[in-house]
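A short worksheet on the structure shown next.
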Amino acid sequence: MRVRRRACAESTGTKIGEQAAALACTFEEAARRAASRITNHSVLPMQDLSTELAPELKLDDPFVDAVHTEFVQLLDAAARADDAHFLQAYDVWMDHCRQHFEREERWMASTKFGPQYCHAADHNEVLKVAADVREKLARDAQFELGRRLLVEVAEWFDQHVRTMDSMMVSHLKMLNFAMVDVPTEA
């Protein structure tokens, strides 16, 4: 993991890239922690995944804060869903993640944000692990695994917003970039 962070910092060649590399809590690390908890059969208490965006996670952009609030609400809905509705709620959350992450990646690409590849790699790790868990949910109905993953995602999201998204939003604000839903190129 340190190698990837160092490579991200070197590829951007900027102080902000170094900060992203040093501060980012990658999802791979969170997934590894979750896997060790599952392997050790320890009980992981469900956190209160509040449906309100914590003040320290607000980035002072109405659109970004609304999208982040929706992320938290969908994560919470999935975490609280009973087994009969868990897969459906998980899928809704995953769809949101894909759209949310793709939008941020379009913003970063269109403004040539230095650490965009590190940021996108963080997104991709979340999507990959979430898709792997989704397969297990569909195949083996491992709902506890899905719920544990959502707790780890909540921890990851907190760190991701405070580091990667915070730097991205600062960059976009410096450029007076309108953070709205940018359509994909046809």
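Position 67 (the sequence shown) corresponds to 67 in UniProt numbering; numbering is contiguous. We put the beta carbon where it would ideally sit given N, CA and C, even for glycine. Keep in mind it's a predicted model, so treat the numbers as computed, not measured.
- prompt: Taking DSSP as the reference, what is the three-state secondary structure of P62?
  reply: helix
task: Helix, strand or coil for L172, going by three-state DSSP, please let me know.
output: helix
- prompt: Leaving out the 5 sequence neighbours to the left and right, which residues in its chain are closer than 8 Å to E56 when beta-carbon positions are compared?
  reply: R162
- prompt: Exposed or buried, which one is H85 when buried takes at least 16 other CB atoms within 10 Å?
  reply: exposed
task: Using only alpha-carbon positions, find the residue among E52, R106 and Q159 that is nearest to M179.
output: R106
- prompt: Rounded to a whole number of angstroms, what is the C-alpha to C-alpha distance between L172 and L87?
  reply: 35 Å
task: Say whether chain B places a C-beta atom closer than 8 Å to the C-beta of E52.
output: Included in the structure is just one protein chain, with no chain B present.
field: Whole-number beta carbon distance between D165 and L59, since they are thought to touch under 8 Å
entry: 6 Å
message: Assuming the contact rule is C-beta atoms closer than 8 Å, F143 and D83 should be a hit. Round their C-beta distance to whole Å, please.
response: 5 Å
message: Tell me which residues share the same chain as L74 and place their Cβ nearer than 8 Å to its Cβ, disregarding the 5 neighbours each side in the sequence.
response: A89, V92, W93 and H96
- request: Confirm, please, whether the CB-CB distance from V67 to H119 is below 8 Å.
  value: no
message: Between the alpha carbons of A81 and R147, how many angstroms are there, rounded?
response: 9 Å
- prompt: Going along the chain, which residues of its own chain have a beta-carbon closer than 7 Å to the beta-carbon of D181, five neighbours each way excluded?
  reply: R103
- request: Would you tell me roughly how many angstroms separate the C-alpha atoms of L127 and A154, rounded to the nearest one?
  value: 14 Å
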